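A.B. asks: Every number in my numbering is 2 more than the matching position in the sequence shown, counting from 1. No residue lacks a Cβ here, since even glycine has one placed at the ideal position from N, Cα and C. Computed from a prediction, not measured in an experiment: that's the story for all the values here.
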Amino acid sequence: MKQLVLTIIGKDRPGLVEEISSAVLAHHGNWLTSNLSHLAGQFAGIIQVEVAEEHLQQLQDGLCALPGLDVRMETGDMLAEEHTPETINLVITGNDRPGIVQELASVIRHKGANITHLNSRQQSAPNWGVPIFSAFATVTLPIGMNKDNVIDALESITSDLIVDIETE
3 MKQLVLTIIG
13 KDRPGLVEEI
23 SSAVLAHHGN
33 WLTSNLSHLA
43 GQFAGIIQVE
53 VAEEHLQQLQ
63 DGLCALPGLD
73 VRMETGDMLA
83 EEHTPETINL
93 VITGNDRPGI
103 VQELASVIRH
113 KGANITHLNS
123 RQQSAPNWGV
133 PIFSAFATVT
143 LPIGMNKDNV
153 IDALESITSD
163 LIVDIETE
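1. Would you please state the rounded distance, in angstroms, between the beta carbons of His-29 and Leu-61? I believe it to be under 8 angstroms.
2. So, using beta-carbon positions, are Lys-113 and Ala-139 closer together than 7 angstroms?
3. Where DSSP assigns a beta bridge to Glu-52, which residues make up the other side?
4. Count the other CB atoms within 10 Å of the CB of Val-26; is the residue buried (16 or more) or exposed (fewer)?
5. Using only the alpha-carbon positions, how far apart do Leu-120 and Glu-56 sit?
6. How big is the Cα-Cα spacing for Glu-79 and Ile-49?
7. My output table needs one value for Lys-149: the three-state DSSP class, helix, strand or coil.
8. Taking C-beta to C-beta, are Ile-90 and Ile-167 nearer than 7 angstroms?
9. Pull up the distance between the alpha-carbon of Ala-82 and that of Pro-128, whole angstroms please.
10. Figure out for me which residue from Glu-157, Leu-143 and Val-7 has the closest Cα to the Cα of Asn-37.
11. Let me check understanding here. Comparing Cα to Cα, which of Pro-100, Asp-98, Val-141 and Asp-14 lies closest to Val-109?
12. Drop a sphere of 10 angstroms on the beta-carbon of Ile-164, count the other beta-carbons inside from all chains shown, and report buried for 16 or more, exposed for fewer.
13. Sort Ile-145, Met-3 and Thr-77 by Cα distance to Glu-88 and report the nearest one.
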């Protein structure tokens with residue numbers, strides 16, 4: 003089986019996820035994981051699919067035939083389960099400002115960690131006078147790193163930044 007990562011973008015419309023999932027199923031693909039969003043009237047999706055090698059081209063042709071969508075397909079890499087590094091889920095909140103995502107990403111990279119998932123948004127905070135930035139990030143730590151090193155480094159960016167670990 004081939005592991006694929008699909009990126010799909012196009013004008014959002016009712017039934018779009020059904021169209022995409024029907025195309026995956028019709029071409030013998032198995033939808034494994036996804037992250038789908040509606041942003042400024044556009045659909046943006048990242049989908050992990052597995053498919054037998056003999057159906058790969060049919061799946062690609064079927065997805066690319068969907069009207070109004072830009073579809074990109076990459077072969078995925080599967081890490082062995084025994085080599086899975088430690089991950090932490092962070093909830094980050096602070097005053098919003100230009101460059102805040104770049105600052106967070108830079109600190110995480112300089113610690114040798116990797117952002118594997120990021121959801122962020124700006125929220126209105128009328129009582130505070132400034133918009134609030136909030137994010138949920140999954141971060142993979144390098145082997146042997148204590149999670150407090152990453153959290154302390156993030157909180158040292160500015161005094162108004164709060165970083166919490168979300169436990170499952």
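C.D. replies: Quick answer:
1. 4 angstroms
2. no
3. Gln-5 and Asn-32
4. Burial call: buried.
5. 34 angstroms
6. The sequence given here has Asp at residue 79, not Glu. Rounded to the nearest angstrom, the two C-alpha atoms are 14 angstroms apart.
7. helix
8. In terms of Cβ geometry, Ile-90 and Ile-167 form a close pair [threshold 7 angstroms].
9. The predicted model places Ala-82 with a pLDDT of 45, which falls under 50 and marks its position as unreliable; any figure quoted below should be read in that light. So the alpha carbons of these two residues sit roughly 48 angstroms apart.
10. Of the candidates Glu-157, Leu-143 and Val-7, Val-7 places its Cα closest to the Cα of Asn-37.
11. The shortest C-alpha to C-alpha distance from Val-109 to any of Pro-100, Asp-98, Val-141 and Asp-14 is the one to Val-141.
12. exposed
13. Measuring from the Cα of Glu-88, the nearest candidate turns out to be Ile-145.
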